Amino acid sequence: MSSKARKRREALVYHAKPKPGKIEVVPTKKYATQRDLSLAYSPGVAEPCLEIEKDKDNAYKYTAKGNLVAVISNGTAVLGLGDIGPEASKPVMEGKGLLFKIFADIDVFDIEVDTKDVDKFIETVKNIAPTFGGINLEDIKAPEAFEIEQRLKAELDIPVMHDDQHGTAIISAAALLNALELTKKKIEKVKIVVSGAGAAAVSCTKLYKAFGAKAENIVMLDSKGVIRKDRPGLSEEKLEFATDRKIDTLDEAMKNADVFIGLSIADIVSPEMLTSMAKKPIVFAMANPNPEIDYQLAMDTRKDIIMATGRSDHPNQVNNVLGFPFIFRGALDVRATKINEEMKMAAVKALAELTKEAVPEQVNIAYGETRLNFGPDYIIPKPFDPRLIAKVPPAVAKAAMESGVAKEPIHDWQKYEDELLERMGNDNKVTRLLMNRAKTNPKRIVYAEADHLDVLKAAQIANDEGIAIPILLGRKEVIQELMAEIDFDADVEIIDPKADEEEEKRNAYARVYWNTRSRSGITLYDAQNLMRERNYFAAMMVNEGDADALLSGYSRAYPAVVKPMLELIGMAKGVSRVAATNLMNTARGPLFISDTSINIDPTAKDLAKIAQMTARTVQIFGMEPVIAMISYANFGSSSDPRAKKVKEAVAYLHRYHPDLKVDGELQSDFALNKEMLQSKFPFSKLAGKKVNTLVYPNLDSANSTYKLIKELNNVDSIGPIMMGMKKPVHILQLGASVEEMVNMSAVAVVDAQEKSKKPKK
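Now the structure itself:
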């Protein structure tokens with residue numbers, strides 16, 4: 001099976017399993033008792049019904065209307081697939097709903113309307129509008145899209161936006177303002193060429209005009225060439241951008257142009273066209289998946305170019321997810337009656353300004369950058385920037401208030417920003433950041449149990465996604481059969497440590513190992529036999545630089561795998577005891593739990609060291625550690641030695657690491673409920689802070705807690721993450737899932753990236 005066919009199958013399985021679709025409805029109120037049900041439905045539900053009958057605005061008070069957006073399409077312009085019908089558009093609409101939720105915590109019903117008739121479509125949307133706080137129109141072909149949006153905006157009293165038009169316009173306008181600033185050019189004077197005349201191109205150009213671009217400096221092209229005023233039969237939208245210039249081709253339009261905006265098809269811009277542009281050209285080639293000119297070709301052709309594309313593998317990605325979730329968030333939060341030009345322009349300015357602010361280390365880490373700075377390769381924020389939720393919605397909300405379309409104005413802006421940040425505690429952003437960072441510099445990972453199907457699947461995904469470069473250990477014939485079964489046809493290294501062909505390497509590794517352990521009862525013969533075992537062989541590969549990291553433990557008990565790693569790899573300098581932590585992506589945000597796998601009953605000093613190592617791990621994930629040392633007691637409420645041990649560990653940390661945000665001993669509920677902690681223990685270093693790290697007093701409690709959270713709440717867990725090892729070695733839980741192993745592959749790569757930065761001792 002080809003790579004393309006495999007990707008197709010993976011996409012179909014993703015949407016079909018474990019149950020069809022990507023979004024679901026989840027209750028937000030208790031429903032355990034008969035009393036709960038009588039309040040949720042009859043007879044209790046009558047009371048809010050009557051209140052809403054008195055005043056329709058009470059629907060925002062008693063129902064989910066205020067945080068509910070409809071994503072609506074008739075399937076006439078779906079992605080690059082064209083008119084494929086409403087049913088076929090549903091996966092895209094569900095995907096849009098998923099993005100609304102994970103980026104801005106907005107709930108979505110996707111609605112596919114089976115009509116191409118403009119009047120019928122508008123009537124349908126108007127009839128269902130009372131259900132929603134906002135309407136996101138999607139994938140509707142031009143020119144109908146223009147009329148549909150204009151009429152719905154005029155006839156409804158809730159925000160309506162056709163994202164295909166305005167999303168790209170808002171993001172690209174922010175990028176354009178910043179690119180013009182860098183090139184010291186004025187928007188009123190630059191000559192702009194727009195390739196494409198669909199909904200997005202028209203909306204982009206209108207927004208550029210709103211910021212000062214002059215109509216006489218704009219040339220727009222469609223499939224027939226330059227749109228000229230003397231061309232008969234022009235639509236109203238195209239007529240607005242028709243030129244008086246006597247030119248017909250893109251080649252002619254590009255001469256001395258300052259800006260190229262591409263919303264058309266791949267590879268229509270030649271190097272010669274780029275060369276003919278003005279000094280310091282700005283090129284936004286946004287056709288997807290392939291831009292109007294290849295990124296590297298453009299960069300090689302003009303050294304003075306500032307370029308953006310729609311792709312994530314190049315700098316300056318124009319991605320609509322930077323806009324629509326946050327624009328609707330701001331509009332909903334002030335109950336705006338519409339999304340007007342002022343609100344869109346506010347979003348543009350907020351995005352442009354955010355780009356110029358110092359970038360959080362979390363974002364630098366995610367994109368593998370030493371330091372992202374405003375410049376030619378960074379003219380718009382990155383999609384994973386956590387500041388977007390607190391920057392764009394307030395700007396949009398303020399613009400709604402100032403332009404008179406907000407029905408519920410905000411008065412306490414700091415409180416509002418805090419609420420926005422709290423909303424984002426329930427997504428898996430840390431996992432996405434981790435994967436993205438691994439992709440920036442993939443490392444060679446030894447999968448020590450690659451003759452197990454699930455391990456091989458994880459290696460395949462890590463390879464396909466560009467997370468890691470797999471080295472597969474195990475029985476070669478079994479691995480090859482399994483690879484054929486899952487269509488894993490990549491050119492990867494396969495090693496059987498027991499095979500005759502590996503004898504020379506086995507003996508070389510054995511001699512190195514024997515030299516280090518000969519005074520510990522190990523003979524050369526013993527060492528040679530041990531090198532036939534995959535974990536010993538894999539560990540020596542990492543030790544000798546033949547691999548960068550190691551994953552094992554899928555098929556064997558944890559202690560059995562730890563032993564050879566400690567013997568061969570050893571602990572990092574200054575570390576007296578290794579430990580493990582698990583990252584749990586909980587509804588309240590990322591939560592690290594230590595020590596989940598190694599230390600059965602650590603001493604007070606051991607606990608302090610575990611806390612320090614966990615803090616460093618948290619920092620690798622781009623977060624500031626806020627650590628609670630957990631006990632059954634609170635701040636000296638028990639004199640039992642088990643509680644006193646935790647207290648002593650905290651005292652040690654406060655004395656020798658005063659800058660570390662850590663406190664205890666604390667019960668778990670006080671640690672996780674910052675209001676309760678503030679009320680009861682205002683003297684604590686954690687009072688008013690959101691704890692993201694829990695260090696438990698023993699293995700029983702830590703291991704049980706993380707597994708309980710994982711199973712009861714279906715929480716995504718990453719770990720155990722080994723801490724304190726000299727080299728990047730990570731041991732999986734017995735029978736780990738494919739997803740867990742892929743996550744751990746990313747952890748191993750990031751660990752290798754970090755360790756490669758440090759000078760070798």
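If you count the sequence shown from 1, position 194 lands on 194 in the UniProt record's numbering, and the numbers rise without skipping.
C-beta: ideal position from N, C-alpha, C; glycine also.
Computed from a prediction, not measured in an experiment: that's the story for all the values here.
Determine the closest residue to residue i out of the options, with distance taken between C-alpha atoms.
{"i": "Lys-563", "options": "Met-725, Asn-127, Ala-266 and Tyr-525", "result": "Met-725"}
{"i": "Pro-289", "options": "Ala-459, Ser-312 and Lys-56", "result": "Ser-312"}
{"i": "Met-254", "options": "Ser-270, Glu-408, Thr-115 and Asp-663", "result": "Ser-270"}
{"i": "Ala-538", "options": "Ala-169, Ala-298 and Ser-552", "result": "Ser-552"}
{"i": "Gln-317", "options": "Ala-213, Asp-244 and Asp-385", "result": "Asp-385"}
{"i": "Asp-496", "options": "Met-483, Leu-473 and Ala-508", "result": "Leu-473"}
{"i": "Pro-698", "options": "Ser-594, Ser-684, Met-613 and Gln-667", "result": "Note on identity: in this sequence residue 698 is Asn, with Pro being the wrong assignment. Comparing Cα positions, the closest option is Ser-594."}
{"i": "Met-216", "options": "Leu-234, Arg-245 and Glu-567", "result": "The residue you asked about is not Met; residue 216 is Glu in the sequence shown. Answer by Cα proximity: Arg-245."}
{"i": "Asp-110", "options": "Lys-186, Asp-119 and Glu-24", "result": "Glu-24"}
{"i": "Val-750", "options": "Ser-737, Ala-736 and His-730", "result": "His-730"}
{"i": "Pro-682", "options": "Thr-693, Gly-664, Glu-711 and Arg-506", "result": "Gly-664"}
{"i": "Gly-466", "options": "Asp-377, Thr-301, Asp-487 and Lys-443", "result": "Lys-443"}
{"i": "Ile-339", "options": "Tyr-60, Phe-328 and Val-348", "result": "Phe-328"}
{"i": "Gln-612", "options": "Val-650, Asp-669, Arg-642 and Asn-585", "result": "Val-650"}
What three-state label does DSSP hand residue i in the structure shown?
{"i": "Ser-195", "result": "strand"}
{"i": "Met-565", "result": "helix"}
{"i": "His-654", "result": "helix"}
{"i": "Asn-441", "result": "coil"}
{"i": "Asn-136", "result": "strand"}
{"i": "residue 763", "result": "Outside the shown range of the chain, which is 1 to 761, sits residue 763, and nothing can be said about it."}
{"i": "Gly-82", "result": "strand"}
{"i": "Thr-596", "result": "coil"}
{"i": "Leu-677", "result": "helix"}
{"i": "Ala-174", "result": "helix"}
{"i": "Asn-426", "result": "With a pLDDT of only 44 at Asn-426, under 50, the local geometry of the prediction cannot be trusted, and the value read off the model is given with reservation. Asn-426: helix per DSSP, three-state reduction."}
{"i": "Ser-73", "result": "strand"}
Roughly how many angstroms lie between the CA atoms of residue i and residue j, to the nearest whole one?
{"i": "Leu-550", "j": "Leu-734", "result": "16 Å"}
{"i": "Lys-22", "j": "Ala-604", "result": "46 Å"}
{"i": "Met-741", "j": "Val-578", "result": "21 Å"}
{"i": "Leu-653", "j": "Leu-660", "result": "8 Å"}
{"i": "residue 764", "j": "Glu-739", "result": "The question about residue 764 has no answer here: the residues shown for the chain are numbered 1 through 761."}
{"i": "Ala-308", "j": "Leu-182", "result": "14 Å"}
{"i": "Glu-533", "j": "Met-540", "result": "11 Å"}
{"i": "Met-277", "j": "Asn-256", "result": "4 Å"}
{"i": "Ser-264", "j": "Leu-708", "result": "51 Å"}
{"i": "Glu-133", "j": "Ala-484", "result": "Note on residue identity: the sequence assigns Gly, not Glu, to residue 133. Answer to the nearest angstrom: the Cα atoms are 51 Å apart."}
{"i": "Ala-468", "j": "Ile-445", "result": "6 Å"}
{"i": "Glu-342", "j": "Met-401", "result": "10 Å"}
{"i": "Ala-615", "j": "Val-662", "result": "10 Å"}
{"i": "Arg-506", "j": "Met-531", "result": "6 Å"}
{"i": "Leu-686", "j": "Asp-601", "result": "25 Å"}
{"i": "Ser-172", "j": "Lys-573", "result": "49 Å"}
{"i": "Leu-12", "j": "Lys-19", "result": "12 Å"}
{"i": "Ala-129", "j": "Lys-56", "result": "13 Å"}
{"i": "Ser-38", "j": "Arg-556", "result": "51 Å"}
On the DSSP bridge assignment, give the partners of residue i in chain order.
{"i": "Thr-243", "result": "Arg-228"}
{"i": "Asp-222", "result": "Gly-225"}
{"i": "Phe-146", "result": "Answer is none; Phe-146 lacks a bridge partner."}
{"i": "Phe-260", "result": "Val-193 and Val-283"}
{"i": "Lys-661", "result": "Val-626"}
{"i": "His-162", "result": "Leu-137"}
{"i": "Gln-317", "result": "Thr-309"}
{"i": "Pro-470", "result": "Ile-445"}
To which residues of the same chain is residue i closer than 6 Å at the C-beta, ignoring the five residues directly before and after it?
{"i": "Asp-451", "result": "Gly-474, Arg-475, Val-478 and Ile-479"}
{"i": "Ile-268", "result": "Glu-292"}
{"i": "Tyr-696", "result": "Ile-630 and Ala-702"}
{"i": "Ile-569", "result": "Ala-539, Met-725, Lys-726, Lys-727 and Val-729"}
{"i": "Ser-717", "result": "Asn-582, Met-584 and Lys-710"}
Which residues in the same chain as residue i place their Cβ atom closer than 7 Å to its Cβ, once the five residues preceding and following it in sequence are excluded?
{"i": "Leu-666", "result": "Ala-628, Met-629, Ile-630, Ser-631 and Asn-634"}
{"i": "Ile-148", "result": "Val-118, Phe-121, Ile-122, Leu-137 and Ile-140"}
{"i": "Asn-67", "result": "Ile-106, Asp-107, Gly-133 and Leu-332"}
{"i": "Leu-98", "result": "Lys-22 and Ile-23"}
{"i": "Ala-350", "result": "Lys-391, Val-392 and Ala-395"}
Which same chain residues end up closer than 8 Å to residue i when comparing Cβ atoms and leaving out the 5 residues on each side of it in sequence?
{"i": "Lys-755", "result": "Lys-727 and Pro-728"}
{"i": "Val-334", "result": "Ala-397, Ala-400, Met-401, Ala-406, Lys-407, Glu-408, Pro-409 and Ile-410"}
{"i": "Ala-510", "result": "Leu-524, Ala-527, Gln-528, Leu-530 and Met-531"}
Given the structure, does residue i come close to the ligand ATP, in the sense that its CB is under 8 Å from one of the ligand's heavy atoms?
{"i": "Lys-344", "result": "Absence of the ligand ATP is noted for the structure shown, with no ligands found whatsoever."}
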